[in-house]
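Engineer: In order, the protein sequences belong to chains A and B.
Position 82 (the first sequence) corresponds to 82 in UniProt numbering; numbering is contiguous.
Position 303 (the second sequence) corresponds to 303 in UniProt numbering; numbering is contiguous.
Sharing a structure below in structure tokens format, with a few things to ask.
Number of protein chains: 2
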Amino acid sequence: MNPPYLLFDVGGTDIKSALSDEAGNLLGIRRVPTRRGTPDPAASLIDQLHGLGSDLMAQSPLLVPQAVGLLVCGIVDEDAGLGVFSANLGWRDAPLREMASKAFALPVGFGHDVSTAGAAELRFGAGAALGTKVRNAVVLVIGTGIAAALFVDGHAVSAGGYAGELGHAAVPVGFDCPCGAHGCLETIGSAGAIAKRYTQASGRSVDGAREVLEAMETGDPVAARIWNEAVEAIAFSIAQLCSSIAPEAVIIGGGLAQAGEALLEPLRRSLRNKLSYHREPLIVPARLGQDAGLRGAYLKAAEAREVHP
Amino acid sequence: MNPPYLLFDVGGTDIKSALSDEAGNLLGIRRVPTRRGTPDPAASLIDQLHGLGSDLMAQSPLLVPQAVGLLVCGIVDEDAGLGVFSANLGWRDAPLREMASKAFALPVGFGHDVSTAGAAELRFGAGAALGTKVRNAVVLVIGTGIAAALFVDGHAVSAGGYAGELGHAAVPVGFDCPCGAHGCLETIGSAGAIAKRYTQASGRSVDGAREVLEAMETGDPVAARIWNEAVEAIAFSIAQLCSSIAPEAVIIGGGLAQAGEALLEPLRRSLRNKLSYHREPLIVPARLGQDAGLRGAYLKAAEAREVHP
């Protein structure tokens, strides 16, 4: 039994919020657009979170939250409680943990969205299905962009917020990236890149990677080429990890993972071709879906309460 | 004050051995060829180590060793005490720690040669000069081959012995590798590859990468091309790490590091060109030289004695 917690998962596009009950159920799950373009983005975020929290508490007046779990996107220094940098939301070195703690008058567990959602995936999702022996793992989230949570000997790798930025690691066939580097995995392996590159190559506008997959399955050779290039690029990046931290499992989440075996099967094959004596990781789909971040915020809130009794 | 230890650093080519005194000095440092081609390579190794240990003890009869520090090359499972695999020496899943402990009737601290030498470099060498704030670091050893020791949050990453195999991570311009994979960093960025590729391209036989560097410094364009391709490849692999575990420092050791700033300066420049918002690591030379392994074995012996009082 845990006390109720207020949970927030702040992304560049939207904020998910919920209140957890004593059994750990997520109540009142809601998704609203993240307020953007304000002069003080950190203060504006805290104000928006306060409003969302008040709504949740009004809906469930008998549940009195004892801590807050707050995840944010960008470069995050979990130890210092800082939002170091968010290209989308605009803050720099914002003391978000302290600001949230003051606004709610509660202890706040603070973390990076992808890293903490990955920790929840490892504990409650695909990782739980793999068993406790998997202590070296990667949760690779492939959507509009690509990010990852890395786990070494059972611990999340943070490196001051700079770890797991796999979307901005170079692959041999990558292109110039808006981040300023060249060849980033995101420019070829993300769901966003698949859709964009297919539209450019075929002249046919598509909404997302799903349509490219459907085109491939009807025999469209352009779609097949774009899809395969994405798979090759993702496999290249995973192979790099097999030579550095050597994960036992790679858990694939995000929008592109909805392709299921159409993604995972060629990914395993491509990876196997790239490895020799290396340890080949299991490649499995994520299980928690959209709520992985709120589940991660729950873990953070529980930690914060232990630290601040 | 520590008691004396017997120290062994077993590589594919040779074994270094020494006895440490109470002040931690290494006495009787000796390098002999590793015995090879025997039907039982693990038993043969232990027999050879026993002979070397007896010699050391005969030289310093007043120093009675209280533990053994044993490092071996290949894939090593430090927790289980196993030499999992050595392509050069031929064992598979050999219980080397237990075998050495029986042979010497002493507790044995057991580790991987590169990983443990890296730990010593971090503690006593370049890492000590960088200060205690560096908790995420890579010690990259570039010689005939390339291997690395990775440190995350101050802890060595082992991953069952499969971590740090950077020599066998692909780079865009790499070639087929004897390991069975394609594009391995070792095929272009190692001292061995630099010498071999220069000989192939120029028709002039050289003994090592040092001669290629000397040729470059006299204006040889072939030498400059081969050297620069090696630097680019090494920088590519380091940039991958900047997107995954984001080290604060990369310590370069091994034979190629003797080139000093002729290697490190272009390496820093090439790396900087590949990064955007990533955290740029310090790139510094290793300091311990040939004895890093024995210093690491010393750390392992001291650990073993704490575990088995």
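Each residue gets a CB set at the ideal place from its N, CA and C atoms; glycine is no exception.
Keep in mind the model is a prediction, meaning the values are calculated, not measured.
DSSP three-state call for serine 60/A: helix, strand or coil?
Structural biologist: As a first step, residue 60/A must be located in the first sequence, where it is residue number 60. Coil at serine 60/A, not helix or strand.
Engineer: Are the segment 178-193 of chain B and the segment 232-240 of chain B touching by the rule of at least three beta carbon pairs closer than 8 Å?
Structural biologist: The count of Cβ pairs closer than 8 Å, one atom from the segment 178-193 of chain B and one from the segment 232-240 of chain B, reaches three, so the stretches are in contact.
Engineer: Confirm, please, whether the CB-CB distance from valine 68/A to aspartate 77/A is below 8 Å.
Structural biologist: Within the first sequence, the letter at position 77 stands for residue 77/A. Within the first sequence, the letter at position 68 stands for residue 68/A. Contact flag unset, no.
Engineer: Of all Cβ atoms in chain A, is any one closer than 8 Å to the Cβ of aspartate 286/B?
Structural biologist: Within the second sequence, the letter at position 286 stands for residue 286/B. Looking at the sequence shown, residue 286/B is not aspartate but alanine. No, alanine 286/B lies away from the interface with chain A (no Cβ there is under 8 Å from its Cβ).
Engineer: Is it true that the CB of asparagine 136/B sits closer than 8 Å to the CB of valine 114/B?
Structural biologist: As a working note, residue 114/B is residue 114 in the second sequence. As a working note, residue 136/B is residue 136 in the second sequence. Going by C-beta atoms, valine 114/B is not nearer than 8 Å to asparagine 136/B.
Engineer: Report the CB separation of alanine 239/B from leucine 271/B in whole angstroms; it is logged as a contact under 8 Å.
Structural biologist: One-based indexing of the second sequence puts residue 239/B at position 239. One-based indexing of the second sequence puts residue 271/B at position 271. 6 Å between Cβ atoms; contact.
Engineer: Answer yes or no: do glycine 28/A and serine 54/A have a C-beta to C-beta separation smaller than 8 Å?
Structural biologist: Working through the first sequence from its first residue, we reach residue 28/A at position 28. Working through the first sequence from its first residue, we reach residue 54/A at position 54. Result no, Cβ atoms of glycine 28/A and serine 54/A do not sit closer than 8 Å.
Engineer: Give the secondary structure of aspartate 55/B by DSSP, where H, G and I count as helix, E and B as strand, and everything else as coil.
Structural biologist: To locate residue 55/B, count along the second sequence from 1; it is residue 55. It is helical.
Engineer: Restricting to runs no shorter than 4 residues, where is the alpha helix (DSSP H) found entirely within the segment 237-290 of chain A?
Structural biologist: 261-274
Engineer: Against cysteine 179/A, what residues of chain B qualify as contacts under a CB-to-CB distance less than 8 Å, listed in chain order?
Structural biologist: Residue 179/A sits at position 179 when you count from the first residue of the first sequence. Neighbours of cysteine 179/A on chain B, chain order: Ser276, Tyr277.
Engineer: What first and last residue would you give for the alpha helix (DSSP H) that runs through aspartate 113/A?
Structural biologist: As a working mapping, residue 113/A is identified with position 113 in the first sequence. For aspartate 113/A, the enclosing alpha helix (DSSP H) begins and ends at 113-124.
Engineer: Helix, strand or coil for isoleucine 12/B, going by three-state DSSP, please let me know.
Structural biologist: As a working mapping, residue 12/B is identified with position 12 in the second sequence. Sequence check: residue 12/B is glycine here, not isoleucine. Correct three-state label for glycine 12/B: coil.
Engineer: Skipping 5 residues on each side, what residues in its chain have a beta carbon closer than 8 Å to that of proline 309/A?
Structural biologist: Counted from its first residue, the first sequence places residue 309/A at position 309. The predicted model places proline 309/A with a pLDDT of 48, which falls under 50 and marks its position as unreliable, so this point remains unresolved.
Engineer: Specify, as a first and last residue, the run of the alpha helix (DSSP H) that valine 307/A falls within.
Structural biologist: As a position in the first sequence, residue 307/A is number 307, starting the count at 1. 292-307 is the extent of the alpha helix (DSSP H) around valine 307/A.
Engineer: So leucine 213/A is in the alpha helix (DSSP H); what residue range does that whole segment cover?
Structural biologist: For the purposes of this step, residue 213/A is taken as residue 213 along the first sequence, with counting starting at 1. Here the alpha helix (DSSP H) through leucine 213/A covers 209-217.
Engineer: Find the residues of chain B that neighbour asparagine 136/A, judging by a C-beta separation of less than 7 Å, and give them in chain order.
Structural biologist: The sequence position of residue 136/A within the first sequence is 136, counting from 1. Residues of chain B passing the Cβ test: Ala159.
Engineer: Output the distance between the C-alpha atoms of valine 307/A and proline 247/B, rounded to the nearest integer angstrom.
Structural biologist: Start at 1 with the first residue of the first sequence, and residue 307/A comes out as number 307. Start at 1 with the first residue of the second sequence, and residue 247/B comes out as number 247. C-alpha separation (whole angstroms): 28 Å.
Engineer: According to DSSP, simplified to helix, strand and coil, what is tyrosine 198/A?
Structural biologist: Your numbering for residue 198/A matches position 198 in the first sequence. Reduced to three states, the DSSP call for tyrosine 198/A is helix.
Engineer: Check for me: the alpha helix (DSSP H) holding phenylalanine 175/A runs from which residue to which?
Structural biologist: Working through the first sequence from its first residue, we reach residue 175/A at position 175. Neither: phenylalanine 175/A is in no alpha helix (DSSP H) and is coded neither H nor E.
Engineer: Using alpha carbons as the reference points, say which of Asp291/A, Asp176/A, Tyr162/A, Leu71/A lies closest to alanine 100/A.
Structural biologist: For the purposes of this step, residue 100/A is identified with residue 100 of the first sequence, where counting begins at 1. Ranking Asp291/A, Asp176/A, Tyr162/A, Leu71/A by Cα distance to alanine 100/A puts Leu71/A first.
Engineer: To which residues of the same chain is methionine 1/B closer than 8 Å at the C-beta, ignoring the five residues directly before and after it?
Structural biologist: Looking up residue 1/B in the second sequence gives position 1. The beta carbon of methionine 1/B lies closer than 8 Å to those of Glu22, Ala23 in the same chain, with the five residues before and after it left out.
Engineer: DSSP has glycine 109/A in a bridge; who is on the other side?
Structural biologist: The residue given as residue 109/A occupies position 109 in the first sequence. Beta-bridge pairing by DSSP links glycine 109/A to Gly69/A.
Engineer: Closest by CA to valine 173/A, which one among Arg295/A, Ile226/A, Ala257/A, Glu98/A?
Structural biologist: Taking the first sequence and counting its residues from 1, the one referred to as residue 173/A is at position 173. Per the Cα distances, Ile226/A.
Engineer: Within 8 Å (strictly less), CB to CB, does isoleucine 226/A reach chain B?
Structural biologist: If you number the first sequence from 1, residue 226/A lands on position 226. Taking Cβ atoms only, chain B never reaches closer than 8 Å to isoleucine 226/A, which makes this a no.
Engineer: Do the CB positions of alanine 159/B and glycine 118/B come within less than 8 Å of each other?
Structural biologist: For the purposes of this step, residue 159/B is taken as the residue at position 159 of the second sequence. For the purposes of this step, residue 118/B is taken as the residue at position 118 of the second sequence. In this structure, glycine 118/B does not lie closer than 8 Å to alanine 159/B by Cβ.
Engineer: Which residues in the same chain have their Cβ closer than 6 Å to the Cβ of valine 157/A, if we skip the five residues on either side of it in sequence?
Structural biologist: On the first sequence, position 157 is the one that residue 157/A refers to. Cβ within range, chain order: Leu150, Ala163.
Engineer: Can you find the residues in the same chain that come closer than 6 Å, C-beta to C-beta, to leucine 56/B, ignoring five residues on each side of it along the sequence?
Structural biologist: Against the second sequence, residue 56/B aligns to sequence position 56. Only Leu19, Gly28 meet the Cβ criterion.
Engineer: I'd like to check one pair, alanine 94/A with leucine 82/A: are the Cβ atoms closer than 8 Å?
Structural biologist: Residue 82/A sits at position 82 when you count from the first residue of the first sequence. Residue 94/A sits at position 94 when you count from the first residue of the first sequence. Less than 8 Å divides the Cβ of leucine 82/A from the Cβ of alanine 94/A.
Engineer: Work out the CA separation of arginine 305/B and glycine 296/B for me, nearest whole Å.
Structural biologist: Translated into positions along the second sequence, residue 296/B becomes position 296. Translated into positions along the second sequence, residue 305/B becomes position 305. Rounded to whole angstroms, glycine 296/B to arginine 305/B spans 14 Å at the Cα level.
Engineer: Evaluate leucine 267/B with the Cβ neighbour count: other Cβ atoms within 10 Å of its Cβ, from every protein chain shown; 16 or more gives buried, anything less gives exposed.
Structural biologist: One-based indexing of the second sequence puts residue 267/B at position 267. So leucine 267/B ends up on the buried side.
Engineer: Going by DSSP, name the residue or residues bridged to tyrosine 5/A.
Structural biologist: Position 5 of the first sequence, counted from the first residue, corresponds to residue 5/A. Tyrosine 5/A is bridged to Ser20/A, Ala67/A.
Engineer: At a Cβ cut of 9 Å, what residues of the segment 237-249 of chain A count as close to chain B, listed as they run along the chain?
Structural biologist: Ser237, Ala239, Gln240, Leu241, Cys242, Ser243, Ser244, Ile245, Ala246, Pro247, Glu248
Engineer: What's the gap between the Cα of histidine 112/B and the Cα of alanine 42/B?
Structural biologist: Walking along the second sequence from the start, residue 112/B turns up at place 112. Walking along the second sequence from the start, residue 42/B turns up at place 42. If you take the alpha carbons of histidine 112/B and alanine 42/B, they lie about 15 Å apart.
Engineer: Between which two residues does the alpha helix (DSSP H) carrying arginine 36/A extend?
Structural biologist: The count along the first sequence starts at 1 and reaches residue 36/A at position 36. Unbroken run through arginine 36/A: none, as it is neither H nor E.
Engineer: Output yes if chain A places a C-beta closer than 8 Å to the C-beta of serine 20/B; else output no.
Structural biologist: Looking up residue 20/B in the second sequence gives position 20. Output row for serine 20/B: interface = no.
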